[in-house]
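Numbering (our numbering), first residue to last: 1 to 448. For glycine and all other residues, C-beta sits at the position ideal for the given N, C-alpha and C.
Written out as structure tokens, the structure is:
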């Protein structure tokens with residue numbers, strides 16, 4: 001026997017529930033959109049759900065391009081407001097305020113935002129950590145950046161350069177077309193593999209090597225990553241509950257396995273190399289590194305003095321080593337390959353600069369018997385100007401912003417009298433490079 005129950009109210013209940021949920025979401029994502037208006041600060045009008053990041057979520061613009069838009073929309077203001085989804089952001093334009101934040105009052109702006117969920121794999125790294133733990137890690141890792149340590153790694157970099165030169169010469173002999181960005185990515189991946197892990201990734205000869213695939217997997221844009229970023233920003237608790245992570249299990253297992261296997265191999269076979277990984281092993285076993293700073297490293301002493309006050313003490317574990325290797329790989333291969341691509345493009349369209357640079361390189365290498373050394377590169381002053389000049393201008397189109405920590409009554413004069421501690425700061429690179437500001441350009445053309 002079959003029974004039927006009439007439920008005429010069910011459709012209405014479902015409809016009302018959906019409307020209620022949408023209204024709650026709308027309220028939740030717009031409740032703080034009057035933040036800057038209440039403080040009397042100029043701001044860019046946000047959209048529901050997205051704030052001012054709609055184009056980023058839909059992969060139409062990068063974060064850097066949006067930050068440049070903020071900078072230009074707030075023309076005439078020393079700072080102004082914007083919104084990353086429902087979070088208020090203070091965009092600082094005035095170069096003097098930028099100096100106050102990054103130099104004079106840096107101790108109050110060390111933390112990045114939002115505070116990362118450090119329970120996620122590969123998240124305990126120098127970029128993601130905040131507070132005392134970041135200070136301690138920064139102090140431990142600072143000696144790895146001395147000129148002496150870099151000199152020890154230069155031979156490995158030179159080997160990669162010679163291999164790339166061979167591949168480029170072969171392509172030229174065959175009149176082959178080269179995709180410069182891919183070529184640069186293959187090169188930087190191999191360099192990082194050599195100087196960080198002490199391994200040969202063979203990405204120059206084999207662009208489809210496993211490590212190259214891992215790099216592409218993480219940096220290639222996707223809607224899934226955009227949604228994950230949005231959820232991590234709007235509601236970190238819900239994001240954690242849902243287990244959302246911008247890293248795939250494949251990336252996680254690859255890095256943890258790579259570091260574990262490399263440690264075991266070196267310890268078992270008593271292998272030592274002049275690379276970053278060996279320095280991490282020393283930190284793991286001895287907790288400190290041998291100091292070898294020269295006059296070139298005076299800035300490192302200042303960095304340690306700034307951060308070691310109230311630093312939290314902890315051990316360099318295998319897991320922590322993995323997290324540092326991951327962020328060094330991530331920070332190195334894509335940024336460096338992008339810079340290389342822009343520099344090579346500009347050299348191609350400016351043959352006079354290319355010729356002058358080539359002449360300098362030939363002259364310096366002749367003095368050093370054709371060998372690429374740390375001192376030889378140091379003598380290439382025009383190369384330094386080319387990379388810095390072209391790189392800075394071009395990269396502003398890609399990533400013209402710098403993130404720093406929360407607003408805390410340490411901005412100096414001409415700032416909100418009582419800034420909300422929940423507000424975060426974004427510093428457009430344009431605001432710290434005043435030569436790109438119209439007013440400065442006009443003064444220069446007038447001879448001012």
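Asked	Found
Determine the direct distance from the alpha carbon of residue 183 to that of residue 167, and round the result to whole angstroms.	10 Å
Start and end of the beta strand (DSSP E) containing residue 89?	87-92
Secondary structure at residue 53, three-state DSSP: helix, strand or coil?	coil
Is residue 452 near residue 129, with beta carbons less than 8 Å apart?	This structure gives no information on residue 452, because the portion of the chain shown stretches from 1 to 448.
Taking the Cβ atom as the reference point for each residue, do residue 191 and residue 157 lie within a distance shorter than 8 Å?	yes
Determine the DSSP secondary structure at residue 428, reduced to helix, strand or coil.	strand
Taking all protein chains shown into account, decide if residue 204 is buried (16 or more other Cβ within 10 angstroms of its Cβ) or exposed.	buried
Indicate the three-state DSSP secondary structure (helix, strand or coil) for residue 158 in the structure shown.	helix
Can you give me the start and stop residues for the alpha helix (DSSP H) that residue 83 sits inside?	First-last for residue 83: 79-84, but that is the beta strand (DSSP E), not the alpha helix (DSSP H).
Measuring alpha carbon to alpha carbon, tell me which of 50, 74 and 260 ends up nearest residue 323.	260
Report yes if the C-beta distance between residue 46 and residue 20 is below 8 Å; otherwise report no.	no
Taking the beta carbon of residue 368 as the centre, do at least 16 other beta carbons fall within 10 Å, making it buried, or is it exposed?	exposed
Closest by CA to residue 317, which one among 165, 140 and 249?	140
Apply the 10 Å Cβ neighbour rule to residue 307 and answer buried if 16 or more other Cβ atoms are within range, or exposed otherwise.	Unreliable positioning characterises residue 307 in this predicted model, as indicated by a pLDDT of 49, which lies under 50. The coordinate reading is nonetheless provided below. Buried, because 16 or more other Cβ atoms sit within 10 Å of the Cβ of residue 307.
Are residue 91 and residue 315 closer than 8 Å when you measure CB to CB?	no
Go ahead and pull the three-state DSSP assignment for residue 258.	helix
Using only CA atoms, which one of 164, 79, 105 and 199 lies nearest to residue 266?	199
Can you name, in chain order, every residue of its own chain whose Cβ lies under 8 Å from the Cβ of residue 353, other than the five neighbours on each side?	346, 347 and 386
Apply the 10 Å Cβ neighbour rule to residue 48 and answer buried if 16 or more other Cβ atoms are within range, or exposed otherwise.	exposed
Cα-Cα, which of 194, 176 and 219 is closest to residue 59?	219
CB-CB under 8 Å to residue 70, same chain, minus the five flanking residues each way: which ones, in chain order?	44, 52, 80, 82, 91, 426 and 428
Enumerate in chain order the residues of its own chain whose CB-to-CB distance from residue 280 is below 6 Å, with the five nearest sequence positions on each side excluded.	321
For residue 36, does the count of other Cβ atoms within 10 angstroms reach 16, so buried, or fall short, so exposed?	buried
Can you round the beta-carbon distance between residue 277 and residue 197 to whole angstroms, since I take them to be within the 8 Å contact cut?	5 Å
Hey, out of 222, 381, 263 and 284, whose CA is closest to residue 61's CA?	222
May I ask which residues mark the beginning and end of the alpha helix (DSSP H) holding residue 339?	318-349
Can you list, in chain order, the residues of its chain with a C-beta nearer than 8 Å to that of residue 31? Leave out the 5 residues immediately preceding and following it.	86
Whole angstroms are fine: how far does the CA of residue 98 sit from the CA of residue 363?	40 Å
Compute the Euclidean distance between the alpha carbons of residue 435 and residue 95, then round it to the nearest angstrom.	For residue 435, the predicted structure reports a pLDDT of 47, less than 50, and the residue's modelled location is therefore unreliable. A value from the coordinates is still provided. Rounded to whole angstroms, residue 435 to residue 95 spans 11 Å at the Cα level.
Compare the Cα-Cα distances from residue 274 to each of 34, 105 and 148 and report the closest residue.	148
Going by DSSP in three states, residue 15 sits in which element: helix, strand or coil?	helix
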